[in-house]
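Engineer:
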Amino acid sequence: MSEPRPIYLDYHATTPVDPRVLAVMVHYLSEDFGNPSNLAHDFGTKAHQAVIAAALPVAELVGARRHEVVFTSGATESINLAIQGHVRASYRQLQRPIKVASMALEHKAVLDTCRYLAEEGLAHYQTIPVDACGQIDLAALEKACQEGLDLLCVMAANNEIGTVYPLAKISALVKPYGVAVFVDACQAAGKIPLDFQQWGLAYLALTAHKMYGPKGVGALVVRDNLHPLPLMWGGGQQKGLRSGTLNVPGIAALGETCRLRKLEMAEDEARIQQLRDRLQQMLQAVLPNMRVNGSATHRLAGNLHVSFPGVSTYGLLHKVRSRLALSAGSACSSAKGSSHVLQALPWPVDAYQAAAIRMGLGKWTTSEDIEQTAQILIASVNTLQPNR
Ligand code: PLP
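Below is the structure:
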């Protein structure tokens, strides 16, 4: 008999594909497989219609309009298209670098794109400080606006510690200064309500594989009065913003993913939060020196990021590996560890000398999974931390 598979608690890294989404994808791989740019026959027309239809649920999930949706290969591409495209278009128009800011705990796709543009002399880049929970310092943001800021890159929710950012407040704060706001909504789309139009955002990136869709497909929402430069040139698809034959199976799957998320998000997230809170309580009851990281009040429902003092991250991950699929919240227990997210937090130095573990719960996490996870983690931490 084969060994049971480990319990999957890494939904921030990626998610399984919803079988209903898979069915849509298979249909456009095998039946309506035409090229959506070729409308000379029904195969192409059906594929074209599928792309048009998919834009609506994507837009509706984030409070945007369907013509603002550009399909991409995922969030990394969307992020690059937004930030590089905006900065390059501005440079071309103004003939000078523009001022860009982000928090230091953004995803590497944001950080490295901003740094690259700064190195190229196309932008001046600065980071906005955060507090120990990873929450943005609004006073520092306002100061940056007063000193002149053109583009703010801010995530909707953090992929390690789960902190959720007050986008309504942030966009209201920067609005009088005319700052364009780019939101990386990868971890938040399909989990919390987002309102692109109401918040007056310039760009919003999302990806299917964090919300029960396939890998390799995502979208960038672009406010319709903005004209970022494309990253690639070719057939001129998607109004020239993203050339290349459209990934119809992936796009149709993303549309179905977003449609289902809008319908099921509230109920799913409420259940996931109960499970997360139960797991947290079970661990805290027996492991009193465990620290819960991130914001207690503004946190993704499926996120539990914890530190165990006196234990090494890899020792713990290795010990549980055959039974639990977890992720290192920090790469090592020496110095500050290597997670750039944790390094961005103003923690006391000794707080980094602890195993940091990220747990991500999702749609198919069960209460039995949670009971077993608590038992396995408690036994493992107790073995690795005998003098607690
Ligand atoms: N931004 C955030 C916050 C993420 O969590 C991820 C995924 O790890 C990405 C961007 C990149 O997404 P993709 O894998 O679709 O390129």
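For the sequence shown, numbering that gives the first Met the number 0 gives the first residue as 0, with consecutive numbering after it. C-beta atoms are modelled at their ideal positions from N, C-alpha and C, and glycine is treated no differently.
1) For K214, name the three-state secondary structure that DSSP assigns.
2) Let me know the secondary structure DSSP gives L240 once reduced to three states.
3) What number of angstroms, rounded off, separates the C-alpha of R19 from the C-alpha of P345?
4) Grab the span of the alpha helix (DSSP H) containing G399 for me, first residue to last.
5) By a C-beta neighbour count over all protein chains shown, 10 Å radius and 16 as the cutoff for buried, is D31 buried or exposed?
6) What are the partner residues of N302, as DSSP defines its beta bridges?
7) When DSSP labels each residue in this structure, what does S77 get in the three-state scheme?
8) Under the criterion of a Cβ to heavy atom distance below 7 Å, does D183 qualify as lining ligand 1?
9) Are L80 and L193 close, meaning C-beta to C-beta below 8 Å?
10) Tell me whether V25 is buried or exposed, calling it buried when 16 or more other Cβ atoms sit within 10 Å of its Cβ.
11) How about T312 and I375: do their beta carbons lie closer than 8 Å?
12) Return the chain-ordered ranges of every beta strand (DSSP E) run that is complete within the segment 165–198 and spans a minimum of 3 residues.
13) Could you check if Q280 is buried or exposed, using at least 16 other CB atoms within 10 Å of its CB as the buried criterion?
14) Would DSSP call M264 helix, strand or coil?
15) Evaluate contact between the segment 317–325 and the segment 4–11, counting only Cβ atoms and requiring at least three cross-stretch pairs below 8 Å.
16) State the start and end residues of the unbroken alpha helix (DSSP H) segment that holds L203.
17) By Cβ distance, which residues of its chain are closer than 6 Å to P308, with the 5 residues on each side in sequence left out?
18) Can you tell which of L148, D130, H106, A100 has the C-alpha that lies nearest to the C-alpha of N292?
19) Flag M210 as yes when its Cβ comes closer than 7 Å to any non-hydrogen atom of ligand 3, and as no otherwise.
20) Determine the burial state of Q384: buried for a count of at least 16 other Cβ atoms within 10 Å of its Cβ, exposed for fewer.
Structural biologist: Answer, in terms of the structure:
1) coil
2) coil
3) Their Cα atoms are separated by approximately 43 Å.
4) The chain is shown only over 0 to 387; residue 399 falls outside these bounds and no answer can be derived.
5) buried
6) G359
7) helix
8) yes
9) no
10) exposed
11) no
12) 179–183
13) exposed
14) Note: M264 maps to helix in three-state DSSP.
15) yes
16) That residue, L203, is in no alpha helix (DSSP H); its beta strand (DSSP E) goes 202–206.
17) N288, A353
18) The residue with the shortest Cα to Cα distance from N292 is D130.
19) Although ligand 3 was asked about, the structure shown includes only ligand 1 as ligands.
20) buried
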